[in-house]
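> Before anything else, here's the structure in question.
In our numbering, the protein residues as written are 120 to 667.
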């Protein structure tokens, strides 16, 4: 056993183990969102592997430069000492990890965790690290095999370079062309089948003015799973009347499922004809809502708008994917924008032909990937002669070009997580602590509002955090970001990536938007008439009870 342990220890780099352990320890510190046990194990395993790779690269460079190296006995002693130090560091940080996670949970009003279960996290970490280590060694064997074969025909160093390039191409083609593509295809087919399932608890609407009814241009089956639930949950005129204490009309919701037509333009044309059929252009407000990847529209955003407008609002939505947003943006990155652009151009072109004094006010809305695609649906130069009225975009992904440009050009002194841009005359930002009514200048007729939380990794993930500290981490920080959060090269990016793909938070934090904040945003953006402060507070209480 002694000889086996020595042999195994000799296979590892002491520098790699030390750097990897430091990265592992840093990975246990808090990020933007609380992490479940399996997520923490994956992040820690990736961090350990990344640190080990950097340490091993430094160790290799030292030997490559023919710098002094220790004797075998001294090298073994160094590795034994490094192993002990690594174990102590890992144990100390695992012991502290529970308190770090609770610092985030306390900010978000969540229950504290009593223990981080270090044994399970350590096991997952080692499994992830072991899998990556095996993959790296398989790559090294492949590279060496190719290099040795090529050395019979070309110089040694050239064969090494070509061997690395060929091995890289081979591994990438297998991972991207076989595993990744196959997984996306299976996921797309699975989610499509789920979308086509008819829910037993839902029935086609009896009202002929609703989409999906017998009189509708869009069949009940063509709405898809998300669309059927969205249409079925439209507030009735009776419900609005009971709450408002005055006669109200039912809001209009038009939804076009992905299976309703072959192309984005055909679906957009179908949506326009359905809007005409239900007389949507006779309402005072018309909203083009771009959904998330699977066609979901946040009911917290939709219902608050419909209550604020006393039902006098119409909303049009077109589905563009069966996949969740994080898969849709990878597999169908441009298709969502194409779909949103087709819907906007079709409806906007018709809207501009209507008399200015009688047509509805036109707004755009989108959450997350829907925000990104909604932003890409129009060009300012195409609407400058006859602009629509505004947009409410919540949780804009970090890839949103307009959001990036405005944040970069913010006024001096305003934080990256809540910028002030040109005195708020066109674009304004709000979060759960500060609304759109800051002491800005006058808000013009064309308005863009961003609803974002400082703890949202979808918005504030930054690939460059691999090697530099993001601006939103500097003081002053957003109130919903843990004061224990620190920037570490490589590790912080992995933490944010895990928050982005796996993280979860209660409403009002992270990427989970509270209906009460939507209510504040819509109220300031569209300025509905005849609402007193007391009535708005009553609606706020209703919203708080409905969306706990």
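Even for Gly, the Cβ is constructed at its ideal location relative to N, Cα and C. All values derive from a computational prediction rather than experimental measurement.
1. Using only the alpha-carbon positions, how far apart do residue 628 and residue 341 sit?
2. Mark residue 592 as exposed unless 16 or more other C-beta atoms lie within 10 angstroms of its C-beta, in which case mark it buried.
3. Is residue 227 helix, strand or coil when you go by DSSP?
4. Can we say the stretch 257 to 270 touches the stretch 228 to 248, given the rule of at least three CB pairs closer than 8 Å?
5. So, is residue 431 buried or exposed, given that buried needs 16 or more other C-beta atoms within 10 angstroms?
6. I'd like the list of long-range same chain contacts for residue 352, defined as Cβ closer than 7 Å, with 5 residues on each side in sequence excluded.
7. As an exercise, report each continuous alpha helix (DSSP H) stretch of at least 4 residues that is fully enclosed by the stretch 477 to 565, in chain order.
8. Name the residue from 149, 281, 173 whose alpha carbon lies nearest to the alpha carbon of residue 226.
9. Would DSSP call residue 124 helix, strand or coil?
10. Mark residue 509 as exposed unless 16 or more other C-beta atoms lie within 10 angstroms of its C-beta, in which case mark it buried.
11. Going by alpha carbons, who is nearest to residue 386 out of 334, 459, 467?
12. For residue 433 versus residue 402, is the C-beta spacing smaller than 7 Å?
13. Does the stretch 162 to 177 touch the stretch 132 to 141, meaning 3 or more C-beta pairs lie closer than 8 Å?
14. Tell me, which residues are paired with residue 132 by DSSP?
15. Is the CB of residue 433 under 7 Å away from at least one CB in chain D?
16. Quick check: the stretch 327 to 347 against the stretch 374 to 394, are at least 3 beta-carbon pairs closer than 8 Å?
17. Run the CB neighbour count on residue 231, radius 10 Å, all protein chains shown included, and call it buried at 16 or more, exposed below.
18. Buried or exposed, going by whether 16 or more other CB atoms sit within 10 Å of the CB of residue 152?
19. Straight-line CA distance for residue 470 to residue 650?
20. Use the C-beta contact count for residue 542: other C-beta atoms within 10 angstroms, 16 or more gives buried, fewer gives exposed.
21. For residue 267, count neighbouring C-beta atoms within 10 Å of its own C-beta (all shown protein chains included) and say buried if the count is 16 or more, exposed if not.
22. Sort out for me which residues DSSP pairs residue 283 with in a bridge.
23. Apart from the five residues on each side of it in sequence, which residues of its chain come closer than 6 Å, Cβ to Cβ, to residue 392?
24. Rounded to the nearest angstrom, what separates residue 245 and residue 143 at their Cα positions?
25. How big is the Cα-Cα spacing for residue 584 and residue 605?
26. Quick one: is residue 526 buried, meaning 16 or more other Cβ sit within 10 Å of its Cβ, or exposed?
27. Do residue 262 and residue 283 have their C-beta atoms closer together than 7 Å?
28. Out of 474, 520, 362, 346, state which residue places its alpha-carbon closest to the alpha-carbon of residue 415.
29. For the beta strand (DSSP E) containing residue 372, list its first residue and its last residue.
30. Can you tell me where the alpha helix (DSSP H) with residue 321 in it begins and where it stops?
31. In angstroms, rounded to a whole number, what distance separates the CA positions of residue 200 and residue 207?
32. Cβ atoms of residue 373 and residue 479: under 7 Å apart, would you say?
33. Take the Cβ of residue 324 as the centre, count every other Cβ of all protein chains shown within 10 Å, and call the residue buried at 16 or more, exposed below.
34. Give me, in chain order, the residues of the same chain whose beta-carbon lies closer than 8 Å to that of residue 544; leave out the 5 immediate sequence neighbours on both sides.
35. Grouping DSSP H, G and I as helix and E and B as strand, with all else coil, what is residue 439?
36. Please list, in chain order, all residues of the same chain as residue 522 whose beta carbon is under 6 Å from its beta carbon, the five residues on each side excluded.
Put simply:
1. Within the chain shown, the letter at position 509 stands for residue 628. Within the chain shown, the letter at position 222 stands for residue 341. The straight-line gap from Cα to Cα measures roughly 34 Å.
2. For this step, residue 592 is matched to residue 473 along the chain shown. Buried is the label assigned to residue 592, since at least 16 other Cβ atoms lie within 10 Å of its Cβ.
3. Within the chain shown, the letter at position 108 stands for residue 227. Of the three classes helix, strand and coil, the one that applies to residue 227 here is coil, per DSSP.
4. They do not touch, by the three-pair rule.
5. Reading the chain shown from its first residue, position 312 is the one you call residue 431. The residue in question, residue 431, is buried, as its Cβ has 16 or more Cβ neighbours within 10 Å.
6. Here residue 352 refers to the residue found at position 233 of the chain shown. When the five nearest sequence neighbours on each side are left out, the beta carbons in the same chain lying within less than 7 Å of the beta carbon of residue 352 are those of 418, in order along the chain.
7. Listed in chain order, they are 488 to 494, 499 to 502, 520 to 527.
8. Position 107 of the chain shown, counted from the first residue, corresponds to residue 226. Residue 149 is the option with its Cα nearest to residue 226.
9. What you label residue 124 is simply residue 5 of the chain shown in a count that begins at 1. Reliability fails at residue 124, whose pLDDT of 46 lies under 50, so the model's placement of it is uncertain and the value that follows must be treated cautiously. Reduced to three states, the DSSP call for residue 124 is helix.
10. Locating residue 509 in the chain shown gives position 390, where the first residue counts as 1. Residue environment analysis places residue 509 among the buried positions, since at least 16 neighbouring C-beta atoms fall within 10 angstroms of its C-beta.
11. Position 267 of the chain shown, counted from the first residue, corresponds to residue 386. Answer by Cα proximity: 459.
12. Stepping through the chain shown from its first residue, residue 433 is reached at position 314. Stepping through the chain shown from its first residue, residue 402 is reached at position 283. The beta carbons of residue 433 and residue 402 sit closer together than 7 Å.
13. Output reads yes: the stretch 162 to 177 touches the stretch 132 to 141.
14. As a working mapping, residue 132 is identified with position 13 in the chain shown. Bridge partners of residue 132: none, in fact.
15. Checking the listed chains, one finds no chain D in this structure; it contains a single protein chain.
16. The way I'd put it, the stretch 374 to 394 does touch the stretch 327 to 347; three or more beta-carbon pairs between them come closer than 8 Å.
17. Numbered from 1 along the chain shown, position 112 holds the residue referred to as residue 231. So residue 231 counts as exposed.
18. Taking the chain shown and counting its residues from 1, one reaches residue 152 at position 33. By the Cβ-count criterion, residue 152 is buried, with 16 or more other Cβ atoms from all chains shown falling within 10 Å of its own Cβ.
19. Start at 1 with the first residue of the chain shown, and residue 470 comes out as number 351. Start at 1 with the first residue of the chain shown, and residue 650 comes out as number 531. Spanning the two alpha carbons is a distance of roughly 28 Å.
20. Counting from one through the chain shown, the residue named residue 542 turns up at place 423. Residue 542 comes out exposed.
21. In the chain shown, residue 267 corresponds to position 148, counting from 1. Residue 267 comes out exposed.
22. Numbered from its first residue, the chain shown carries residue 283 at position 164. Under DSSP, residue 283 takes part in no beta bridge, so it has no partner.
23. By one-based count along the chain shown, residue 392 stands at place 273. Counting only residues of its own chain and dropping the five nearest sequence neighbours on each side, residue 392 has a CB closer than 6 Å to the CB of 336.
24. Residue mapping note: residue 245 aligns to position 126 of the chain shown, counting from 1. Residue mapping note: residue 143 aligns to position 24 of the chain shown, counting from 1. Cα to Cα, residue 245 sits roughly 11 Å from residue 143.
25. The residue labelled residue 584 in the question sits at position 465 within the chain shown. The residue labelled residue 605 in the question sits at position 486 within the chain shown. Straight-line Cα distance between these residues: approximately 12 Å.
26. What you label residue 526 is simply residue 407 of the chain shown in a count that begins at 1. Counting C-beta atoms within 10 angstroms of its own C-beta, residue 526 has 16 or more neighbours from the protein chains shown and is therefore classed as buried.
27. Position 143 of the chain shown, counting from 1, holds the residue named residue 262. Position 164 of the chain shown, counting from 1, holds the residue named residue 283. Yes, they are a contact pair.
28. Indexing the chain shown from 1 puts residue 415 at position 296. The shortest Cα separation from residue 415 among 474, 520, 362, 346 belongs to 346.
29. Position 253 of the chain shown, counting from 1, holds the residue named residue 372. For residue 372, the enclosing beta strand (DSSP E) covers residues 371 to 375.
30. Numbered from its first residue, the chain shown carries residue 321 at position 202. DSSP places residue 321 in no alpha helix (DSSP H); its state is neither H nor E.
31. Numbered from 1 along the chain shown, position 81 holds the residue referred to as residue 200. Numbered from 1 along the chain shown, position 88 holds the residue referred to as residue 207. Here the C-alpha atom of residue 200 lies approximately 11 Å from the C-alpha atom of residue 207.
32. Here residue 479 corresponds to residue number 360 of the chain shown, with the count starting at 1. Here residue 373 corresponds to residue number 254 of the chain shown, with the count starting at 1. For residue 479 and residue 373, no; Cβs fall outside 7 Å.
33. Looking up residue 324 in the chain shown gives position 205. Around the beta carbon of residue 324, 16 or more other beta carbons sit within 10 angstroms, so the residue counts as buried.
34. As a first step, residue 544 is located in the chain shown; it is residue number 425 there, counting from the start. Excluding the 5 residues flanking it on each side, residue 544 has same chain C-beta neighbours closer than 8 Å at 559, 560, 561, 562, 563, in chain order.
35. Within the chain shown, the letter at position 320 stands for residue 439. In the structure shown, residue 439 adopts coil according to DSSP, grouped into three states.
36. One-based indexing of the chain shown puts residue 522 at position 403. Hits under 6 Å: 515.
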